[in-house]
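Worksheet for the structure shown next.
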Amino acid sequence: MTTVLVVDDEPQIRRALATNLQAREFDVVLADTGRAALQLAADRHPDLVLLDIGLPDLSGIEVVHGLRGWTEVPIIMLTVRSEEADKVEALDAGADDFVTKPFGMNELLARMRAALRRTASVGETVPVVVVGRLRIDLADKRVERSGEAVHLTPTEWELVEHLARHSDRLVTQRQLLTAVWGPNFDDESGYLRVHMANLRRKLEGDPSHPRYFKTEPGMGYRFLTDGDEER
Numbered sequence: 001m002t003t004v005l006v007v008d009d010e011p012q013i014r015r016a017l018a019t020n021l022q023a024r025e026f027d028v029v030l031a032d033t034g035r036a037a038l039q040l041a042a043d044r045h046p047d048l049v050l051l052d053i054g055l056p057d058l059s060g061i062e063v064v065h066g067l068r069g070w071t072e073v074p075i076i077m078l079t080v081r082s083e084e085a086d087k088v089e090a091l092d093a094g095a096d097d098f099v100t101k102p103f104g105m106n107e108l109l110a111r112m113r114a115a116l117r118r119t120a121s122v123g124e125t126v127p128v129v130v131v132g133r134l135r136i137d138l139a140d141k142r143v144e145r146s147g148e149a150v151h152l153t154p155t156e157w158e159l160v161e162h163l164a165r166h167s168d169r170l171v172t173q174r175q176l177l178t179a180v181w182g183p184n185f186d187d188e189s190g191y192l193r194v195h196m197a198n199l200r201r202k203l204e205g206d207p208s209h210p211r212y213f214k215t216e217p218g219m220g221y222r223f224l225t226d227g228d229e230e231r
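Just so we're aligned, residue 1 is where the sequence shown starts under full-length UniProt numbering, counting upward by one.
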């Protein structure tokens with residue numbers, strides 16, 4: 001049985017999540033503070049953490065830092081719409097994804113399934129990613145669209161590789177900039193916009209309505225392996 005640690009200081013949210021998750025045969029552990037969450041995570045070793053970004057003692061971001069000191073357990077942040085800067089900070093700290101309150105259970109469950117799939121595949125080699133008309137060979141550093149090889153610059157390839165290796169996961173602008181250009185470029189979002197626009201021209205059927213390389217406004221990018229068919 002998959003164990004989920006739910007961390008939220010609002011009793012009604014904890015109860016609602018516990019009821020819905022238990023009905024789907026998850027083992028649920030509840031915490032209402034950051035310190036309780038860290039202790040329960042150490043004691044119970046959950047398979048996934050649902051973590052409110054606003055807690056009465058430690059912030060959700062501090063809890064992420066505390067967890068990432070010793071575990072790679074998937075962490076999905078529970079946020080409100082006005083906390084965009086905090087979302088970015090939490091993702092940069094090591095959170096895997098977020099859902100915005102109020103959220104539907106179907107959306108949350110989809111995020112949970114994606115996070116758990118990524119955890120299950122840690123350590124596995126995924127040399128080729130095939131999505132729609134794209135074929136990304138991570139070993140040979142080669143991209144094909146509709147069976148035809150697409151020439152990418154070294155920088156474009158690094159962006160594709162990083163996003164493909166984190167498929168369906170939000171990758172923040174700072175994470176991409178640091179991974180591709182290095183830590184001294186983590187504020188140079190202009191570089192990223194230019195190269196992502198070039199990638200879309202080369203790899204998307206309709207660059208103005210991307211199917212694969214989605215923008216999360218103000219946050220970052222997501223390489224989608226499931227979604228609408230390419231037009």
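Positions of the beta carbon are idealized from the N, C-alpha and C atoms, including for glycine. Keep in mind it's a predicted model, so treat the numbers as computed, not measured.
Item	Value
Just the Cα atoms here: how many angstroms apart are aspartate 168 and valine 160?	13 angstroms
Span of the beta strand (DSSP E) holding tyrosine 221?	220 to 223
Taking 8 angstroms as the cut-off, does the stretch 22 to 39 touch the stretch 58 to 68 (at least 3 CB pairs, one atom from each stretch)?	yes
Following a CB-centred definition, is glycine 220 positioned closer than 7 angstroms to any heavy atom of the ligand MN?	Ligands in the displayed structure: none, and consequently the ligand MN is not present.
By alpha-carbon positions, which one of Asn184, Glu148, Asp187 and Phe223 ends up nearest to methionine 196?	Phe223
Let me make sure I understand the geometry here. Which of His45, Asp9 and Gln22 has the alpha-carbon closest to that of threonine 33?	Asp9
List the residues that DSSP assigns as beta-bridge partners of threonine 2.	In DSSP, threonine 2 forms no bridge with anything.
Is DSSP giving alanine 95 helix, strand or coil here?	coil
Does the distance from the C-beta atom of glycine 94 to that of isoleucine 76 stay below 8 angstroms?	no
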